[in-house]
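Everything below concerns the one structure shown next.
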Amino acid sequence: MFLVSSLLAGILFGVSTYLILQGSFVRILFGFILIANAANLVFLAMIGDPRGRAAPVLAANEGLPMTDPLPQALILTAIVIGFAVSAYFLFLLYRIFLDWKTTDAVDLFKKSKPTDV
Amino acid sequence: MQVIFPLLIPLLTAILGLLAIRSSAGRRLFFAASAGGQLLFSLWLLASVFSSGSQVMYLGGWSAPYGIVLVADPIAAIMVVLVCLTAFSCILYGFQETSIRNEHPLRLPLIQFLVLGLNLSFLTGDLFNLFVAFEVMLLASYALLTLEADDWDVRQAFPYLAINLFGSAFLIALCAFAYGLFGTLNFAHIAVRAQEMSGEPLLVAFGMLAMLVFGIKAGLFPLYYWLPNAYPIMPIALAALFGGMLTKVGVYVLLRLFGTILPHDMDLLYVVLAWLSAATMFFGVLGAASRPYIRGILSFHILSQVGFMMLAITFMTPFAFAAAILYMAHNIIVKSGLFLVGGAVMVLNRTDKLENTGNLWVRTPVLGVGFLLLALSLAGIPPLSGFWGKYMIIVAGFTAGEYVLVAIAIVTGLLTLFSMLKIWMGSFWQSKESVPVVTSDRRWIPMTVIVGGLTVISLIIGLLPEFFIQMAMTAAEGLLDKDAYIRLVLGDLP
Numbered sequence: 038m039f040l041v042s043s044l045l046a047g048i049l050f051g052v053s054t055y056l057i058l059q060g061s062f063v064r065i066l067f068g069f070i071l072i073a074n075a076a077n078l079v080f081l082a083m084i085g086d087p088r089g090r091a092a093p094v095l096a097a098n099e100g101l102p103m104t105d106p107l108p109q110a111l112i113l114t115a116i117v118i119g120f121a122v123s124a125y126f127l128f129l130l131y132r133i134f135l136d137w138k139t140t141d142a143v144d145l146f147k148k149s150k151p152t153d154v
Numbered sequence: 161m162q163v164i165f166p167l168l169i170p171l172l173t174a175i176l177g178l179l180a181i182r183s184s185a186g187r188r189l190f191f192a193a194s195a196g197g198q199l200l201f202s203l204w205l206l207a208s209v210f211s212s213g214s215q216v217m218y219l220g221g222w223s224a225p226y227g228i229v230l231v232a233d234p235i236a237a238i239m240v241v242l243v244c245l246t247a248f249s250c251i252l253y254g255f256q257e258t259s260i261r262n263e264h265p266l267r268l269p270l271i272q273f274l275v276l277g278l279n280l281s282f283l284t285g286d287l288f289n290l291f292v293a294f295e296v297m298l299l300a301s302y303a304l305l306t307l308e309a310d311d312w313d314v315r316q317a318f319p320y321l322a323i324n325l326f327g328s329a330f331l332i333a334l335c336a337f338a339y340g341l342f343g344t345l346n347f348a349h350i351a352v353r354a355q356e357m358s359g360e361p362l363l364v365a366f367g368m369l370a371m372l373v374f375g376i377k378a379g380l381f382p383l384y385y386w387l388p389n390a391y392p393i394m395p396i397a398l399a400a401l402f403g404g405m406l407t408k409v410g411v412y413v414l415l416r417l418f419g420t421i422l423p424h425d426m427d428l429l430y431v432v433l434a435w436l437s438a439a440t441m442f443f444g445v446l447g448a449a450s451r452p453y454i455r456g457i458l459s460f461h462i463l464s465q466v467g468f469m470m471l472a473i474t475f476m477t478p479f480a481f482a483a484a485i486l487y488m489a490h491n492i493i494v495k496s497g498l499f500l501v502g503g504a505v506m507v508l509n510r511t512d513k514l515e516n517t518g519n520l521w522v523r524t525p526v527l528g529v530g531f532l533l534l535a536l537s538l539a540g541i542p543p544l545s546g547f548w549g550k551y552m553i554i555v556a557g558f559t560a561g562e563y564v565l566v567a568i569a570i571v572t573g574l575l576t577l578f579s580m581l582k583i584w585m586g587s588f589w590q591s592k593e594s595v596p597v598v599t600s601d602r603r604w605i606p607m608t609v610i611v612g613g614l615t616v617i618s619l620i621i622g623l624l625p626e627f628f629i630q631m632a633m634t635a636a637e638g639l640l641d642k643d644a645y646i647r648l649v650l651g652d653l654p
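Keeping their order, the protein sequence lines are chains A and B.
Position one of the first sequence corresponds to residue 38 (my numbering), numbered consecutively onward.
Position one of the second sequence corresponds to residue 161 (my numbering), numbered consecutively onward.
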């Protein structure tokens with residue numbers, strides 16, 4: 038279980054880094070959304086194997102070892118923050134598109150300011 | 161109990177300012193009063209931490225390893241004072257720089273959110289809470305960066321955002337590794353567990369990841385390219401606040417991490433960090449020499465000085481830590497002051513491109529004296545404030561036997577002096593027929609007064625070093641004394 042989730046997190050990190058290194062704004066945005074989730078998955082993996090464990094509710098517990106609820110609470114916080122940042126990033130990319138008329142990061146930094154010309 | 165106020169006051173100020181205040185004049189008065197109050201409050205916190213010991217607050221009444229703790233030990237209190245001081249002077253300066261009609265209504269509330277994030281990252285005693293603090297700070301900084309940027313400069317926010325998002329993802333992963341390795345996120349508890357694991361290679365991997373994450377935030381070589389292009393797009397008042405404070409959070413966290421949290425035997429880590437910081441200081445100062453405008457030069461200098469602080473961390477002695485702290489405190493004040501001088505030059509010459517500035521020494525000698533004192537202090541000329549920090553770092557380097565690193569540091573100091581002289585010659589000393597000096601724009605007078613205030617603080621540090629070195633030593637010993645920190649936060653828990 039631990040191995041599977043570590044591998045999955047590794048693949049997600051790799052894929053998202055690949056996407057971030059692309060030129061297109063949309064791919065970069067997807068890359069950043071994905072990398073946040075890859076990091077969250079690393080957190081989730083730290084719980085260990087949940088099979089054979091009870092939910093962390095004391096009243097419903099039948100003497101089984103309980104799963105650790107803390108990483109889930111932390112991931113929830115991270116997701117909320119990641120959502121806010123992604124929204125901001127999306128808007129920034131849109132504003133850059135409006136001003137510079139490009140959706141490509143390489144292209145964006147090749148152009149020079151109209152005042153410099 | 162005092163610990164909560166550096167967080168509560170900015171938060172309430174920002175929310176009240178957003179919701180309740182409609183007139184722009186009223187908003188200015190309210191935010192300036194609040195920032196001044198925060199400065200006084202932080203000084204009070206500093207005084208009580210130094211006179212009656214560190215303070216801990218258990219949020220929500222949850223005892224230490226289970227809930228979130230706020231810890232005000234000497235270093236945290238010093239940093240909070242520096243945040244409030246820089247924020248206060250930059251807010252006042254912003255009032256002069258931007259006319260009341262041009263000021264964006266969100267600027268002042270966002271500065272307060274930024275201050276909240278900064279204060280929380282200095283006071284928190286919990287790794288995940290540190291992540292939250294960083295995000296509060298970074299979100300406010302993203303918004304401030306683009307708030308008043310013009311349509312063409314806004315593209316520089318893109319690399320800034322991208323590298324910080326990347327860093328944040330790794331910060332979450334770092335929290336996850338900490339939780340997996342130590343089973344806790346509380347700094348003191350991690351320190352206990354890490355001491356038991358001392359010598360394991362996993363700890364070094366953890367330290368390397370931390371170095372990557374906080375190196376991105378601090379602008380460590382080779383991860384600094386986002387910084388020198390992003391800061392100059394802001395109004396000077398904000399650039400001064402960013403340049404003074406934001407990268408120093410990364411330095412502070414590394415001080416805390418290597419000093420208090422991780423065991424002191426990770427030599428591989430120290431060697432890597434030492435060479436990276438030497439590269440940072442050297443390439444930072446070379447970059448500064450290449451830039452033709454004041455804000456660009458100063459932005460590159462931030463990196464170079466971050467390198468100095470990081471280098472001092474790697475020597476791992478109380479003396480070297482004290483040097484890093486003293487240098488950081490000096491640098492925050494002087495760096496903000498120099499940015500503010502740059503703003504005054506922009507008002508007087510209508511630009512900060514060095515080839516189009518000049519004549520200022522003749523027309524505004526007071527500003528010139530302020531700049532000269534700050535610039536020489538930055539370069540480390542005795543007896544100004546920068547000298548003591550640099551001197552201590554170099555002594556610590558000799559004690560550690562790192563002669564090559566010390567040589568790089570000294571060469572960097574000379575190059576710093578060179579690029580400061582470039583500004584001095586370009587903007588102040590040279591007389592150019594074609595360059596107008598608009599002294600009729602009265603904004604430069606209050607600007608010079610604010611610069612003068614920061615210069616006086618820097619002079620006091622330079623001329624009465626004993627008191628401040630003593631303070632830095634106390635803070636450094638507090639950072640390196642794990643057992644005291646653990647006892648402070650966890651009580652007598654094993």
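C-beta atoms are modelled at their ideal positions from N, C-alpha and C, and glycine is treated no differently.
Cα-Cα separation, residue i to residue j
i, j, result
"L648/B", "M217/B", "11 Å"
"P654/B", "V413/B", "The pLDDT assigned to P654/B is 48, lower than 50, so where the model puts this residue is not dependable; a value taken from the coordinates is nonetheless given after this. In a straight line, the C-alpha of P654/B is about 25 Å away from that of V413/B."
"V154/A", "W137/A", "Annotation note: pLDDT 41 at V154/A (below 50); position unreliable, no value reported."
"T559/B", "M239/B", "27 Å"
"W548/B", "A192/B", "32 Å"
"T246/B", "K495/B", "10 Å"
"L463/B", "E99/A", "57 Å"
"P225/B", "L341/B", "15 Å"
"G613/B", "P525/B", "16 Å"
"L650/B", "H349/B", "8 Å"
"S594/B", "D311/B", "30 Å"
"G60/A", "L307/B", "25 Å"
"M469/B", "A115/A", "30 Å"
"D144/A", "L56/A", "17 Å"
"L159/A", "T54/A", "The displayed coordinates of chain A run from 38 to 154. Any statement about residue 159/A would go beyond what the structure contains."
"T517/B", "V505/B", "8 Å"
"P108/A", "V611/B", "47 Å"
"Y339/B", "L345/B", "6 Å"
"M38/A", "L81/A", "11 Å"
"I583/B", "S194/B", "35 Å"
"L331/B", "I235/B", "22 Å"
"H461/B", "L387/B", "11 Å"
"M476/B", "V555/B", "13 Å"
Member of the options whose CA lies at the smallest distance from the CA of residue i
i, options, result
"I70/A", "S328/B, L268/B, R182/B", "S328/B"
"I164/B", "G220/B, G503/B, A390/B, V411/B", "G220/B"
"G472/B", "M552/B, P269/B, T440/B", "In the sequence as displayed, the identity of residue 472/B is Ala instead of Gly. Here the closest residue by C-alpha is M552/B."
"L574/B", "Y384/B, Q465/B, W386/B", "Q465/B"
"A632/B", "L514/B, F531/B, D601/B, A480/B", "A480/B"
"F588/B", "A535/B, L178/B, C335/B", "A535/B"
"S123/A", "Y302/B, A556/B, P423/B, F443/B", "Y302/B"
"D497/B", "L168/B, M161/B, L532/B, W521/B", "Residue identity differs from the one stated: residue 497/B is Gly in this sequence, not Asp. Measuring from the Cα of G497/B, the nearest candidate turns out to be L532/B."
"R315/B", "T344/B, A333/B, I393/B", "I393/B"
"R261/B", "G467/B, P452/B, R187/B, G227/B", "R187/B"
"L101/A", "I133/A, L135/A, K150/A, G89/A", "G89/A"
"L49/A", "L127/A, A91/A, A76/A", "A76/A"
"W572/B", "G444/B, A483/B, R510/B", "Inspection of the sequence shows that residue 572/B is occupied by Thr rather than by Trp. When each option's Cα is compared against that of T572/B, the closest is G444/B."
"V296/B", "P543/B, V529/B, G277/B, T284/B", "G277/B"
Inset, instruction - Go through the segment 274-340 of chain B residue by residue and report every complete run of the alpha helix (DSSP H) that reaches 4 residues or more, in order. - result: 287-307
Legend entry - Start-end ranges of the alpha helix (DSSP H) lying completely within the segment 437-480 of chain B, minimum 4 residues: Here the runs fully enclosed are 454-474.
Inset, instruction - Enumerate, from N- to C-terminal direction, the unbroken alpha helix (DSSP H) stretches of 4 or more residues contained entirely within the segment 403-437 of chain B. - result: 407-416
Inset, instruction - Kindly provide the ranges of any beta strand (DSSP E) runs that are 3 or more residues long and lie completely inside the segment 540-610 of chain B, ordered along the chain. - result: none
Legend entry - Positions along the segment 286-312 of chain B whose CB lies within less than 7 Å of some CB in chain A: F288, V292, E295, L299, Y302, T306, D311, W312
Legend entry - Residues from the segment 89-121 of chain A in contact with chain B, defined by Cβ distance under 7 Å: Look at the segment 89-121 of chain A: the residues with a C-beta under 7 Å from a C-beta of chain B are P108, L111, T114, A115, I118, A121.
Inset, instruction - Note down, one range per segment and in chain order, each beta strand (DSSP E) of at least 3 residues found wholly within the segment 176-219 of chain B. - result: 215-218
Legend entry - Unbroken stretches of the alpha helix (DSSP H), 4 residues or longer, contained in the segment 471-541 of chain B: Within the segment 471-541 of chain B, complete alpha helix (DSSP H) segments of at least 4 residues are found at 478-509, 520-523, 525-539, given in chain order.
Inset, instruction - Give the residues from the segment 59-90 of chain A that approach chain B closer than 8 Å (Cβ to any Cβ), ordered along the chain. - result: I65, F69, I72, A73, A75, A76, N77, V79, F80, A82, M83
Inset, instruction - Mind the definition here: the segment 437-451 of chain B touches the segment 371-383 of chain B only if three or more C-beta pairs lie below 8 Å; say whether that holds. - result: yes
Legend entry - Touch test, the segment 422-439 of chain B against the segment 345-363 of chain B, Cβ-Cβ under 8 Å, three pairs minimum: yes
Inset, instruction - Assess, as a yes-or-no matter, whether the segment 206-213 of chain B is touched by the segment 276-292 of chain B under the definition of 3 or more beta carbon pairs within less than 8 Å. - result: Because the criterion of three Cβ pairs below 8 Å is not met, the segment 276-292 of chain B and the segment 206-213 of chain B do not touch.
Inset, instruction - Pair every Cβ in the segment 243-258 of chain B with every Cβ in the segment 486-503 of chain B, then say whether three or more of these pairs are closer than 8 Å. - result: Flag = yes, the segment 243-258 of chain B and the segment 486-503 of chain B touch.
Inset, instruction - May I ask you to list, following chain order, the residues of the segment 119-139 of chain A that have a beta carbon less than 7 Å from some beta carbon of chain B? - result: A121, V122, Y125, F126, L129, R132, I133, D136, W137
Legend entry - Against chain A: residues of the segment 336-347 of chain B by CB proximity under 7 Å: A336, Y339, G340
Inset, instruction - Would you mind listing the alpha helix (DSSP H) stretches within the segment 619-654 of chain B that are 4+ residues and don't spill past its ends, in chain order? - result: Counting only runs of 4 or more, we get 625-640, 642-650.
Inset, instruction - Examine the Cβ distances between the segment 172-180 of chain B and the segment 265-274 of chain B and report whether three or more of them are shorter than 8 Å. - result: yes
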